[in-house]
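Take my numbering: the final residue in the sequence shown is number 105, and no numbers are missing along the way.
Glycine is no exception: its CB is placed at the ideal position from the N, C-alpha and C atoms.
Owing to the predicted nature of the structure, the values given are computational and were not obtained by experimental measurement.
See below for the structure under consideration.
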Amino acid sequence: MAYNEKLADKVREALADQKKIEEKVMFRGVCFMVNGKMCICVSEDELMCRVGPDAYEEALDQPGCRPMVHGTRTMKGFVFVGDEGFRTKKKFDYWVNLALAFNKEAKAAKKKK
């Protein structure tokens, strides 16, 4: 599973002050779990951000952003962001902060037995 290691390192650095971070291999890349909840992933050369349903439409208006589609189902609240959308530090920070903001209210997935 090839993913952009430099981008993953950039996400690690951005999340360094978070208390509970876990990395999981998923979505053709690495996913950063914050407080036991999926927050932001690096999939190939893109970010996958969990922005939540309230910020979803506004997020889609941002450059380089597209909906996350799993099979035939659009995953409302999740977006992919290409390089165009996070090329500058300001744009990168926007996505990290948006994902962290939703993470505070997101529910963790139920643990499998």
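Classify residue i: buried if its beta carbon has 16 or more other beta carbons within 10 angstroms, exposed otherwise.
{"i": "Glu97", "result": "exposed"}
{"i": "Ala51", "result": "buried"}
{"i": "Val61", "result": "exposed"}
{"i": "Arg42", "result": "buried"}
{"i": "Glu38", "result": "buried"}
{"i": "Val17", "result": "exposed"}
{"i": "Ala91", "result": "buried"}
Going by beta-carbon coordinates alone, are residue i and residue j separated by less than 8 angstroms?
{"i": "Ala47", "j": "Phe78", "result": "no"}
{"i": "Gly44", "j": "Gly28", "result": "no"}
{"i": "Leu7", "j": "Phe24", "result": "yes"}
{"i": "Ala0", "j": "Val26", "result": "no"}
The beta strand (DSSP E) with residue i in it runs from where to where?
{"i": "Pro45", "result": "First-last for Pro45: Pro45 to Leu52, but that is the alpha helix (DSSP H), not the beta strand (DSSP E)."}
{"i": "Gly28", "result": "Segment: none, Gly28 is in no beta strand (DSSP E) and carries neither H nor E."}
{"i": "Phe72", "result": "Arg65 to Val73"}
{"i": "Glu36", "result": "It is not in any beta strand (DSSP E) - Glu36 carries neither H nor E in the DSSP assignment."}
Along the alpha helix (DSSP H) that carries residue i, what are the first and last residues, could you check?
{"i": "Glu97", "result": "Lys81 to Glu97"}
{"i": "Lys2", "result": "Glu(-3) to Ala6"}
Where DSSP assigns a beta bridge to residue i, which residues make up the other side?
{"i": "Lys16", "result": "Cys23"}
{"i": "Pro59", "result": "Val71"}
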